[in-house]
Amino acid sequence: MERREPRPSGPQAGECPHAGVAGKQHVSAAISGHPRLLTWRIGDVTVTRIVELEVTGGSRFILPDATRDAVLPIGWLRPHFADEDGRLRMNIQALVVETPTRRIVVDTCLGNDKQGRRIPAWNDLHGPFLADLAAAGYARETIDTVLCTHLHVDHVGWNTMLVGGRWVPTFPRARYLMGRVEYAHWRAVFADSVQPVFDAGLVDLVETDHRIDEEICLIPTLGHTPGHVSVQIRSRGQVALITGDFVHHPCQIARPEWGSTADSDPAAARKTREHMLAGLADTPVLVIGTHFATPTAGRIVRDGSAYRLDV
Ligand SMILES: [Zn+2]
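Residue numbers (the numbering used here): 8 to 318.
This is the structure we're talking about:
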């Protein structure tokens with residue numbers, strides 16, 4: 008299948024009076040046959056979203072403060088991030104970051120055929136993720152880097168795939184970057200999604216501020232997990248940030264004090280959210296939410312005593 012060229016819309020360096028404003032490109036409707044595909048362009052870098060699951064409701068286990076009554080007053084969450092009844096919409100999705108020198112998959116979702124996950128709907132999936140990835144122009148053999156923002160099950164699943172009853176690396180030509188701190192914390196788990204890539208010799212343990220190439224570096228956003236990172240993309244004066252899970256849902260932009268049950272250090276996680284949101288507010292940084300439903304990205308703007316996501 009022909010590689011779809013990233014649409015060169017959005018301000019380009021040299022022609023935009025607001026250098027630093029990344030292109031806002033919600034192009035899903037324009038891509039025939041792949042309506043869930045979104046691509047953003049940040050200078051010379053493209054970010055392409057591959058959705059594994061879209062879910063409405065059932066998020067209370069992870070965000071217990073986000074009751075329907077608490078969500079409904081946050082009007083800007085509708086219609087994209089919550090429905091009319093105040094039920095949250097969330098995605099599980101991978102982001103493919105293509106730079107002039109690298110082809111990086113950031114987070115690898117749940118994966119097919121996995122068993123024993125705490126959430127029943129996450130077990131024994133048989134989704135078209137790899138076909139969708141290939142259809143977007145990114146056959147798995149062409150990926151040279153896999154980055155896990157942290158080692159929770161919804162971020163490591165497609166590290167491996169089941170072949171002949173064995174878990175083998177899905178991306179055989181990639182280096183898998185995992186946080187040294189994360190690995191030390193989680194090493195007892197993930198016989199199906201982490202150990203096999205180690206055994207194949209494909210893992211590089213990296214620090215939380217690791218630089219991948221000229222455009223891409225990791226930003227420590229600790230608290231959700233001990234070594235959690237976000238991903239900063241900077242090219243031609245434009246900047247974007249892939250969140251990872253320092254914020255799970257845009258409701259936490261309006262209510263930074265709302266923690267996630269999955270935060271390993273709730274106080275540190277809240278501090279990170281508050282610090283990051285304050286730093287991003289009213290800047291042109293395109294924030295791409297790892298679990299944010301369509302349109303998935305926007306800019307943080309101040310809104311009363313907190314913030315909202317301007318999409
Ligand atoms: Zn997650």
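The beta-carbon is built from N, C-alpha and C at its ideal position, and this holds for glycine as well.
Could you please give the first and the last residue of the uninterrupted beta strand (DSSP E) stretch that includes residue i?
i, result
"Thr290", "Counting along the chain, Thr290 falls outside any beta strand (DSSP E), and DSSP gives it neither H nor E."
"Ala142", "Segment Phe136 to Ala142 is the alpha helix (DSSP H) holding Ala142; no beta strand (DSSP E) there."
Considering only DSSP beta bridges, list what residue i is partnered with.
i, result
"Asn98", "Glu61"
"Pro338", "In the structure as shown, the chain begins at 8 and stops at 318. Residue 338 is therefore absent and cannot be evaluated."
"Leu225", "Val238"
"Glu91", "According to DSSP, Glu91 bridges with nothing at all."
"Phe299", "Met97"
"Tyr314", "Arg309"
"Val103", "Thr55 and Val112"
"Leu154", "Val113 and Leu184"
"Leu84", "Its beta-bridge partners do not exist; DSSP assigns none."
"Leu45", "Arg56"
"Arg218", "Cys224"
"Ala304", "Ile295"
In the DSSP assignment, find the alpha helix (DSSP H) that holds residue i and state where it starts and stops.
i, result
"Asp76", "Arg75 to Val78"
"Val188", "Arg187 to Trp193"
"Gln259", "Cys258 to Ala261"
"Gln245", "No alpha helix (DSSP H) contains Gln245, which is instead part of the beta strand (DSSP E) from Gln245 to Ile249."
"Asp211", "No alpha helix (DSSP H) holds Asp211; the beta strand (DSSP E) holding it covers Val210 to Val213."
"Phe205", "Gln202 to Asp206"
Label residue i either buried or exposed according to how many other C-beta atoms from any shown protein chain fall within 10 Å of its C-beta, with 16 as the threshold for buried.
i, result
"Glu214", "exposed"
"Pro302", "buried"
"Asp92", "exposed"
"Thr268", "exposed"
"Ser312", "exposed"
"Glu222", "buried"
"Thr74", "exposed"
"Ala36", "With a pLDDT of 31 at Ala36, under the threshold of 50, the modelled position of that residue is not reliable, and no figure is offered here."
"Gly234", "buried"
"Val170", "exposed"
"Phe88", "buried"
"Glu105", "buried"
"His133", "exposed"
"Glu264", "exposed"
"Gln122", "exposed"
"Arg48", "buried"
"Arg125", "exposed"
"Ala29", "Note that Ala29 has pLDDT 39, beneath the 50 cutoff, so the model's placement of it is unreliable and the number below is only indicative. With 16 or more other Cβ atoms within 10 Å, it is buried."
"Phe68", "exposed"
"Ala146", "exposed"
"Asn130", "exposed"
"Ala285", "exposed"
"Pro179", "exposed"
"Pro80", "exposed"
"Arg194", "exposed"
"Ala181", "buried"
"Arg96", "buried"
"Pro257", "buried"
"Asp216", "exposed"
"Asp76", "exposed"
"Gly330", "Nothing can be reported for residue 330: it is not among the residues displayed for the chain, which extend from 8 to 318."
Measure the Cβ-Cβ separation of residue i and residue j and say whether it is below 8 Å.
i, j, result
"Val210", "Met185", "yes"
"Ile219", "Arg109", "yes"
"Gly164", "Leu117", "yes"
"Thr156", "Gly251", "yes"
"Ser242", "Asp51", "yes"
"Thr279", "Phe253", "yes"
"Gly266", "Ala275", "no"
"Ser295", "Val54", "Looking at the sequence shown, residue 295 is not Ser but Ile. Yes, the pair counts as a contact, with Cβ atoms nearer than the cut-off."
"Val175", "Pro135", "no"
"Phe299", "Asn98", "yes"
"Ile111", "Leu154", "yes"
"Thr232", "His192", "yes"
"Asp206", "Ala261", "no"
"Trp83", "Arg315", "yes"
"Ile57", "Ala101", "yes"
"Phe246", "Val292", "According to the sequence displayed, residue 246 carries Val and not Phe. A contact, by the Cβ cut-off of 8 Å."
"Gly230", "Asp272", "yes"
"Thr228", "His162", "no"
"Leu158", "Arg187", "no"
"Ala288", "Val308", "yes"
"Leu60", "His255", "no"
"Arg94", "Gly64", "yes"
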